[in-house]
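**Q**
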Amino acid sequence: MSTYVMFLRGINVGGIRVPMPELRKVLADAGCRDVTTWLATGNVRVDFDGSADELKTVAERAIGDAFDYEAYVLVREAETVRDLVENWPFTLDDAHHRYIVLGGGAAFEAAQAAIDASPHDEHVAVFGDDLYWRCLKGSTTSTPVAKLLAKREYKATTTTRNLNTLEKMVPDQA
3 MSTYVMFLRG
13 INVGGIRVPM
23 PELRKVLADA
33 GCRDVTTWLA
43 TGNVRVDFDG
53 SADELKTVAE
63 RAIGDAFDYE
73 AYVLVREAET
83 VRDLVENWPF
93 TLDDAHHRYI
103 VLGGGAAFEA
113 AQAAIDASPH
123 DEHVAVFGDD
133 LYWRCLKGST
143 TSTPVAKLLA
153 KREYKATTTT
163 RNLNTLEKMV
173 PDQA
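Residue numbers (our numbering): 3 to 176.
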């Protein structure tokens, strides 16, 4: 049994309603244990007897069937999420948001080029398949990186989470 963290993309916006108590039941019925959710944005930690790819397949099918939409779920091992949190590469301060763009590693070069072409107070760094993103508070939707990630080629395969949320999701070290 392994511990995984899942991120559902695009729920509780645009008419796709997924209540967290129902989501926990659907995942438990699909074979997940110790299902915990955070916020109403599809942040889930589970124990599952299988690989991350198997969990993705099981979760997408179960969630899609239960809530009648094409579910898209990103799955990471809990240790990978802990590593993301512990290796934040930028200065911490109150003026900036700290984000992880899950699935955004492929966008790194384009994101860096967007920053270089139109300098803003934002920074990106790649970590495996994911992207660290730091931007000024109040500019989250207007920066070059935000505009890039909103494009169809990235919007369908990425989801962004505040690092504060991820800090709460990773289990304590044993």
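Here a beta-carbon is modelled for each residue, glycine too, at the ideal position from N, C-alpha and C.
If you're wondering where the values come from, they're calculated on a predicted model, not measured in any experiment.
(1) Taking contact to mean at least 3 C-beta pairs separated by less than 8 Å, is the segment 123 to 142 in contact with the segment 90 to 107?
(2) Taking only runs that begin and end inside the segment 6 to 74, name each unbroken beta strand (DSSP E) of 3 or more residues, in chain order.
(3) How big is the Cα-Cα spacing for Thr162 and Leu133?
(4) Give the C-beta separation of Ala32 and Val7 to the nearest angstrom, bearing in mind that I take them to be a contact with Cβ-Cβ under 8 Å.
(5) In three-state terms, what does DSSP make of Ala177?
(6) Determine the DSSP secondary structure at Val87, reduced to helix, strand or coil.
(7) Nearest by alpha-carbon distance to Val37: which of Thr5, Ala109, Gly107 is it?
(8) Identify every residue that forms a DSSP beta bridge with Val128.
(9) Tell me the DSSP secondary structure of Leu94 in three-state form.
(10) Would you mind working out which of Ala113, Gly17, Leu168, Val87 sits nearest Lys153, comparing C-alpha positions?
(11) Going by other Cβ atoms of all chains shown within 10 Å of its Cβ, with 16 needed for buried, is Gly44 buried or exposed?
**A** Taking the coordinates as given:
(1) yes
(2) 35 to 40, 45 to 50
(3) 9 Å
(4) Not quite, the Cβ-Cβ distance comes to about 16 Å (not below 8 Å), so this is no contact.
(5) Outside the displayed range of the chain (3 to 176) lies residue 177, so it cannot be described from this structure.
(6) helix
(7) Thr5
(8) Leu133
(9) coil
(10) Ala113
(11) buried
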